[in-house]
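Protein chains in written order, with full-length UniProt numbering: chain A, 1 to 220; chain B, 1 to 220.
Note that beta-carbon positions come from the ideal geometry of N, C-alpha and C, so glycine has one too.
Every value quoted in this text rests on a predicted model; they were computed, and no experiment measured them.
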DNA sequence: TGTGTTTGGTGACTTGGTCACAGACGCGCT
DNA sequence: AGCGCGTCTGTGACCAAGTCACCAAACACA
């Protein structure tokens with residue numbers, strides 16, 4: 001990735017003026033982060049805003065009992081707003097972000113971020129848009145766990161994970177983490193799906209047999 | 001409330017320069033909003049940022065089945081960030097904000113807000129701080145509903161609502177809405193608290209008899 | 001004093017979460 | 001091949017929480 005052209009990967013930033021683009025590329029650096037790195041978490045405040053060039057960051061919460069729930073994911077072309085919040089407000093995180101894959105990212109120091117927000121309406125739009133999207137994601141999570149039945153949520157997740165293919169590589173434990181429930185509950189639910197002939201299972205693999213039925217349940 | 005001095009009510013804004021203060025007071029107006037007004041909600045995008053001078057706004061989500069859950073409250077001295085998000089990003093709300101009391105608020109038009117963010121580091125700090133706090137609130141809600149037992153959450157809520165006094169004026173239905181559960185569940189849980197001699201109930205009223213026991217449960 | 005509305009109580013049942021195990025499978029090692 | 005070990009999955013018993021269908025008590029007010 002050349003230092004000069006990463007900006008084009010961010011639709012929201014493509015309309016920046018030439019000077020500001022120059023300023024941004026001059027005062028930031030592209031870094032690589034290995035998979036499974038904890039990017040931020042309780043007690044680990046960062047000193048820079050990250051813009052993801054490639055890879056995904058998983059943001060999750062863990063309970064004292066060890067149960068986990070995925071809050072949202074940051075994909076390539078997006079920014080880590082949580083980092084931003086703390087960048088500006090000096091608050092401590094209450095969730096953690098983990099590199100789900102190897103990452104390539106642009107690191108923007110605090111003062112550069114502040115100047116960009118001040119000088120560019122486009123950059124402001126970009127930042128507030130990112131916030132807005134995370135808020136929306138979180139609202140969706142709350143709605144799901146508070147009101148939606150688990151079999152429906154699991155069906156949705158299976159459809160999401162099996163885009164086009166009919167094989168999913170994952171464990172019951174990971175699915176439980178996605179939905180914020182316990183492994184046993186997933187096991188039972190998948191056993192029921194299997195009994196109905198919707199899926200077939202092997203260790204670490206789920207085969208989709210009847211996508212239509214699963215989809216029908218998912219959109220209830 | 002005089003037009004000139006409302007700014008002092010916002011700690012985050014008290015350090016604004018004299019010019020910007022003038023600009024802000026000149027280009028905003030103080031409005032009154034009656035209790036139970038729906039300030040924003042799905043399909044009701046606002047054209048201005050609200051800063052609360054007095055009263056509280058309840059932000060909640062409602063399921064198709066009619067169950068509700070309170071996400072957070074905006075108190076006097078705070079701003080409605082959700083409004084801000086949509087102000088800047090033009091996105092549609094997926095939660096609704098309701099005036100829990102009569103409100104007095106400062107309404108700031110979109111373009112004034114944008115200029116303030118551009119021109120004032122203090123205002124930026126104020127806005128990002130507000131976002132940061134809401135994010136934190138939402139994380140807490142997710143954690144609560146996903147991982148915490150209901151009896152503990154109810155005990156916490158009782159302690160919170162009964163600050164100093166030993167009487168709470170509320171209905172089982174409202175408590176259910178606070179915690180995102182069903183009325184019957186609250187009724188049963190309160191019946192159990194009563195059986196233990198921790199509370200006494202009458203229609204629309206709960207008397208705290210043994211605050212220490214409730215507190216002990218709350219902080220598990 | 002009656003009548004409608006709001007609030008609370010209850011039983012039966014379903015769904016979801018917890019706990020304590022026991023197998024089953026994959027994989028490296030000798 | 002056979003062994004050992006860690007990870008993954010299956011299961012039963014039990015508890016907690018949500019749903020459904022009603023009913024009863026308290027209140028509001030004509």
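- Task: With residue 104 (chain A) as the anchor, note down where its beta strand (DSSP E) starts and where it stops.
- Result: 103-109
- Look up residue 185 (chain A) in the DSSP assignment and give the residues it is bridged to. Residue 185 (chain A) pairs with nothing; no bridge assigned.
- Task: Keeping to the same chain, check which residues put their C-beta closer than 8 Å to that of residue 27 (chain B); ignore five residues upstream and five downstream.
- Result: 108, 109 and 112
- Message: According to DSSP, residue 99 (chain B) sits in a beta bridge with which residue or residues?
- Response: B:57
- In the UniProt domain "HTH crp-type" (148-212) of chain B, which residues sit with their C-beta less than 7 Å from some C-beta in chain A, listed in chain order? 180
- Query: Should the segment 16-24 of chain A be regarded as contacting the segment 137-145 of chain A, the criterion being three or more beta carbon pairs within less than 8 Å?
  - Reply: no
- Message: Against chain B, with Cβ distances strictly below 9 Å, would residue 31 (chain A) count as a contact?
- Response: no
- Item | Proximal residues to residue 173 (chain B) (C-beta, below 7 Å), its chain only, five neighbours per side dropped | 183
- Query: Using the beta-carbon of each residue, which ones in chain A are nearer than 8 Å to residue 121 (chain B)?
  - Reply: 114 and 118
- When A:66, A:218 and A:116 are compared against residue 161 (chain A), the one with the closest alpha-carbon: A:218
- Query: Mind checking if residue 74 (chain A) is an interface residue toward chain B, Cβ cutoff 9 Å exclusive?
  - Reply: no
- Of all the CB atoms in chain A, is at least one closer than 9 Å to the CB of residue 23 (chain B)? no
- Query: Which of the residues in the segment 131-145 of chain B, read from start to end, lie with their CB under 9 Å from any CB of chain A?
  - Reply: 131, 132, 133, 134, 135, 136, 138, 139, 140, 141, 142, 143 and 145
- Mind checking which residues open and close the alpha helix (DSSP H) that includes residue 142 (chain A)? 121-147
- Start-to-end residues for the alpha helix (DSSP H) that takes in residue 210 (chain B): Looking at the DSSP string, residue 210 (chain B) is not in any alpha helix (DSSP H), and its letter there is neither H nor E.
- Message: For residue 207 (chain A), tell me which candidate among A:164, A:179 and A:180 has the shortest Cα-Cα distance.
- Response: A:164
- Residues bridged to residue 72 (chain A) (per DSSP): A:59
- residue 38 (chain A), DSSP secondary structure in three states: strand
- Item | Candidates A:80, A:156, A:167 and A:157: closest to residue 132 (chain A) by CA position | A:80
- In the DSSP assignment, find the unbroken alpha helix (DSSP H) run with residue 32 (chain A) in it and report its ends. Where residue 32 (chain A) is concerned, there is no enclosing alpha helix (DSSP H), although the beta strand (DSSP E) it sits in stretches over 29-33.
- Are any of the Cβ atoms in chain B nearer than 9 Å to that of residue 63 (chain A)? yes
- Should the segment 47-62 of chain B be called in touch with the segment 93-109 of chain B, which here means at least 3 C-beta pairs below 8 Å? yes
- Buried or exposed for residue 177 (chain B), please, with buried defined as at least 16 other CB atoms from any protein chain shown within 10 angstroms of its CB. buried
- Message: To the nearest angstrom, how far is the alpha carbon of residue 181 (chain B) from that of residue 142 (chain A)?
- Response: 12 Å
- residue 220 (chain A): buried (16+ other C-beta within 10 angstroms of its C-beta) or exposed? exposed
- Message: With distance defined between alpha-carbon atoms, name the residue in B:84, B:187, B:213 and B:195 nearest to residue 203 (chain B).
- Response: B:187
- Item | For residue 106 (chain B), the nearest candidate out of B:7, B:115, B:94 and B:190 (CA to CA) | B:7
- Output, in chain order, the set of chain B residues within a Cβ distance shorter than 9 Å of residue 94 (chain A). 135, 136, 139, 140 and 143
- Task: May I have the straight-line CA-CA distance separating residue 13 (chain A) from residue 120 (chain A), to the nearest angstrom?
- Result: 10 Å
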